[in-house]
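There are 2 protein chains.
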Amino acid sequence: MQGVSRVLIDGVPDTAVPVTDRAFQYGDGLFETIRLVAGQLSLWRLHRERLESGARTLGIPLDLQCVEQHCAVLTQGIAAGVVRITVSRGDSLRGYAPLADAHPRIVCALYPAAAPDPRPYVQGVRVRLCDTRLAEQPRLAGLKHLNRLEQVLARQEWSTSEFAEGLMLDVAGRLIEGTFTNVFLVLDDRICTPRLDRCGVAGVMRRYLLEQRPGMDGHTVSECDLWPRDIEAARECFVTNSLIGIWPVHTIVIDGAARQLTGVTMGRQISAEVERRLGFTNSN
Amino acid sequence: MQGVSRVLIDGVPDTAVPVTDRAFQYGDGLFETIRLVAGQLSLWRLHRERLESGARTLGIPLDLQCVEQHCAVLTQGIAAGVVRITVSRGDSLRGYAPLADAHPRIVCALYPAAAPDPRPYVQGVRVRLCDTRLAEQPRLAGLKHLNRLEQVLARQEWSTSEFAEGLMLDVAGRLIEGTFTNVFLVLDDRICTPRLDRCGVAGVMRRYLLEQRPGMDGHTVSECDLWPRDIEAARECFVTNSLIGIWPVHTIVIDGAARQLTGVTMGRQISAEVERRLGFTNSN
Numbered sequence: 001m002q003g004v005s006r007v008l009i010d011g012v013p014d015t016a017v018p019v020t021d022r023a024f025q026y027g028d029g030l031f032e033t034i035r036l037v038a039g040q041l042s043l044w045r046l047h048r049e050r051l052e053s054g055a056r057t058l059g060i061p062l063d064l065q066c067v068e069q070h071c072a073v074l075t076q077g078i079a080a081g082v083v084r085i086t087v088s089r090g091d092s093l094r095g096y097a098p099l100a101d102a103h104p105r106i107v108c109a110l111y112p113a114a115a116p117d118p119r120p121y122v123q124g125v126r127v128r129l130c131d132t133r134l135a136e137q138p139r140l141a142g143l144k145h146l147n148r149l150e151q152v153l154a155r156q157e158w159s160t161s162e163f164a165e166g167l168m169l170d171v172a173g174r175l176i177e178g179t180f181t182n183v184f185l186v187l188d189d190r191i192c193t194p195r196l197d198r199c200g201v202a203g204v205m206r207r208y209l210l211e212q213r214p215g216m217d218g219h220t221v222s223e224c225d226l227w228p229r230d231i232e233a234a235r236e237c238f239v240t241n242s243l244i245g246i247w248p249v250h251t252i253v254i255d256g257a258a259r260q261l262t263g264v265t266m267g268r269q270i271s272a273e274v275e276r277r278l279g280f281t282n283s284n
Numbered sequence: 285m286q287g288v289s290r291v292l293i294d295g296v297p298d299t300a301v302p303v304t305d306r307a308f309q310y311g312d313g314l315f316e317t318i319r320l321v322a323g324q325l326s327l328w329r330l331h332r333e334r335l336e337s338g339a340r341t342l343g344i345p346l347d348l349q350c351v352e353q354h355c356a357v358l359t360q361g362i363a364a365g366v367v368r369i370t371v372s373r374g375d376s377l378r379g380y381a382p383l384a385d386a387h388p389r390i391v392c393a394l395y396p397a398a399a400p401d402p403r404p405y406v407q408g409v410r411v412r413l414c415d416t417r418l419a420e421q422p423r424l425a426g427l428k429h430l431n432r433l434e435q436v437l438a439r440q441e442w443s444t445s446e447f448a449e450g451l452m453l454d455v456a457g458r459l460i461e462g463t464f465t466n467v468f469l470v471l472d473d474r475i476c477t478p479r480l481d482r483c484g485v486a487g488v489m490r491r492y493l494l495e496q497r498p499g500m501d502g503h504t505v506s507e508c509d510l511w512p513r514d515i516e517a518a519r520e521c522f523v524t525n526s527l528i529g530i531w532p533v534h535t536i537v538i539d540g541a542a543r544q545l546t547g548v549t550m551g552r553q554i555s556a557e558v559e560r561r562l563g564f565t566n567s568n
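Listed in order, the protein sequences are those of chains A and B. Note that the first sequence covers residues 1 to 284 in the numbering used here. Note that the second sequence covers residues 285 to 568 in the numbering used here.
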């Protein structure tokens, strides 16, 4: 299969799922995308906690120990790569009611590591503000579930490499996240990232930054309500996820007008400190 | 596979899709569930138009003639049943950006017809008002796409056969639809069904009723903004989809309190006329 090195389905080498699988039928499940660094799942405790919390919210009886065992087998002897864990509610008859005896299906897939490219880390990236808005659904907010059509629509707004990412607002106009990253703004001595209690994916790297504050000396970091006017006021901006780490943003294009950020100093400093602590090799 | 009689994937007998399929990975696709009556796909023109419109909105280059050919092969020699067509954007690498050369995957599955049961048609059904709300996402409103976690959550609010369906409000509190049906209220001489421009699935049977007005002599039928207070004021209520036709509702349970509707006369009259016109055999 294109791009995938190896797949285990419920612990067994395989590459296909039945069409009766509820992830295929309804997007009824969750996923995690994890960086494999020196043979270890980076930030696994945080990925595990999000998966556990998502399974509880969706009512999927997930055995996390199974997930860990399958990942250990999948990554045996591999130093670097990307692991995607997909958990579906399992098979089902027609209709939204889950089977009483349904077993979740656990798909662990190994992808090759991305080719190293220091440029986005050193120079920063250019992003755009997307037209596609995020709906407010507090019941699903924060989860990395499989209903991702909003991100798919937003990602179709550009097709060239001109933009590294697209930022998204919610229906009320609040800044929420990027299509595959979380977003942080540096406002004076405060670093702010949007609250995700109405929509958005609560990224593992975002949580790591909020809790560990790597390289943020002298700055506070917190969750806030943010609006496009805060982008205008921001000194810096950076986007984060558990695969890339931190990309400083040098330019944000809003309605065709390019807004240059003052610099990428703070983003680079945080990025470098995260790389040091987590053993990522990106910017050098 | 449980419950499925026969499956064609891109026209070929098969039962599984690769884990790289975007319907499995992101719910990136559409579906239709169609009643097979006397060997024909009932209301096919309307199903086809919704599928076409959904594919256009999602940017999936779908060949509708292929879909028709596969369905013809799937149902050859079969008089009655249920056909589920699932269209995914096809395979993909990691990430939301579709492959430039992606081919949609067309899965046509045949299920046995439901066992005939005249009771819901004659006596009406008992439904509940769900706590799970629908988010407002105008970009996806009306489509029968594969991001159905809201319906899955709502359907988990009850597990006994006490309720035949659950009605859902949007985040603003408007009545929108049932978990697998559309809903109509009879208010004096008006029949009303919720507008679906913010959220909800625009059902094929709903469109048929709006356009053809079967059995509605002396009543107007239209799309309106409806609220829970309109449920209180309604003389009758019925729910519809392309498989069941029309179920009159005799009782709606809201916050634990049962509200009896005045009758099921109009619902039964419309149901009987739809059965007559479409050749459904349910209530007799």
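A virtual CB, placed ideally from N, CA and C, is assigned to each residue, including glycine.
Distance CB(residue i)-CB(residue j) smaller than 8 angstroms
i, j, result
"arginine 259 of chain A", "isoleucine 270 of chain A", "no"
"cysteine 192 of chain A", "leucine 134 of chain A", "no"
"arginine 410 of chain B", "glutamate 446 of chain B", "yes"
"tyrosine 208 of chain A", "leucine 43 of chain A", "yes"
"glutamine 151 of chain A", "threonine 181 of chain A", "no"
"leucine 325 of chain B", "cysteine 350 of chain B", "no"
"threonine 15 of chain A", "valine 82 of chain A", "no"
"threonine 220 of chain A", "aspartate 255 of chain A", "no"
"leucine 64 of chain A", "arginine 48 of chain A", "yes"
"arginine 403 of chain B", "leucine 471 of chain B", "no"
"leucine 175 of chain A", "tryptophan 227 of chain A", "yes"
"lysine 428 of chain B", "arginine 334 of chain B", "yes"
"valine 7 of chain A", "valine 303 of chain B", "yes"
"proline 214 of chain A", "arginine 268 of chain A", "no"
Residue-chain proximity (residue i, chain A), Cβ-Cβ < 8 angstroms
i, result
"valine 321 of chain B", "no"
"glutamine 324 of chain B", "no"
"valine 467 of chain B", "no"
"alanine 456 of chain B", "no"
"threonine 444 of chain B", "no"
"glutamine 440 of chain B", "yes"
Bridge-paired residues (DSSP) for residue i
i, result
"glycine 320 of chain A", "The requested residue 320 of chain A does not occur in the structure, where chain A is confined to residues 1 to 284."
"alanine 55 of chain A", "Answer is none; alanine 55 of chain A lacks a bridge partner."
"serine 506 of chain B", "B:Cys476"
"glycine 215 of chain A", "Answer is none; glycine 215 of chain A lacks a bridge partner."
"glutamine 324 of chain B", "B:Val321"
"glutamine 285 of chain A", "Not covered by the structure: residue 285 of chain A. The range shown for chain A is 1 to 284."
"glycine 95 of chain A", "None; glycine 95 of chain A has no bridge partner."
"valine 291 of chain B", "B:Ala393"
"valine 296 of chain B", "B:Ile293"
"isoleucine 244 of chain A", "None, per the DSSP bridge assignment."
CB-CB length for residue i against residue j, believed under 8 angstroms
i, j, result
"asparagine 431 of chain B", "leucine 149 of chain A", "5 angstroms"
"leucine 62 of chain A", "proline 104 of chain A", "5 angstroms"
"valine 485 of chain B", "glutamate 461 of chain B", "6 angstroms"
"threonine 359 of chain B", "phenylalanine 315 of chain B", "17 angstroms between Cβ atoms; not a contact."
"valine 183 of chain A", "valine 239 of chain A", "5 angstroms"
"serine 526 of chain B", "methionine 489 of chain B", "5 angstroms"
"aspartate 312 of chain B", "arginine 373 of chain B", "5 angstroms"
"alanine 363 of chain B", "alanine 393 of chain B", "Incorrect: roughly 17 angstroms between the Cβ atoms, too far for contact."
Start and end residues, beta strand (DSSP E) containing residue i
i, result
"serine 88 of chain A", "81 to 88"
"cysteine 355 of chain B", "Where cysteine 355 of chain B is concerned, there is no enclosing beta strand (DSSP E), although the alpha helix (DSSP H) it sits in stretches over 348 to 359."
"tyrosine 111 of chain A", "105 to 111"
"proline 404 of chain B", "Segment 403 to 407 is the alpha helix (DSSP H) holding proline 404 of chain B; no beta strand (DSSP E) there."
"glutamate 420 of chain B", "Looking at the DSSP string, glutamate 420 of chain B is not in any beta strand (DSSP E), and its letter there is neither H nor E."
"valine 17 of chain A", "16 to 18"
"asparagine 182 of chain A", "182 to 187"
"leucine 427 of chain B", "It is not in any beta strand (DSSP E) - leucine 427 of chain B carries neither H nor E in the DSSP assignment."
"asparagine 525 of chain B", "520 to 525"
"isoleucine 460 of chain B", "459 to 462"
Residue i, enclosing alpha helix (DSSP H) - first and last residue
i, result
"phenylalanine 24 of chain A", "22 to 26"
"isoleucine 554 of chain B", "549 to 562"
"arginine 155 of chain A", "149 to 155"
"isoleucine 231 of chain A", "228 to 233"
Contact with chain B by residue i, beta-carbon distance below 8 angstroms
i, result
"alanine 16 of chain A", "yes"
"glutamate 211 of chain A", "no"
"asparagine 147 of chain A", "yes"
"phenylalanine 24 of chain A", "yes"
"valine 7 of chain A", "yes"
"glutamine 269 of chain A", "no"
"glycine 59 of chain A", "yes"
"glutamate 150 of chain A", "yes"
"phenylalanine 180 of chain A", "yes"
Within-8 angstroms CB hit, residue i to chain D
i, result
"glutamate 136 of chain A", "In the displayed structure, chain D is absent; the protein chains listed are A and B."
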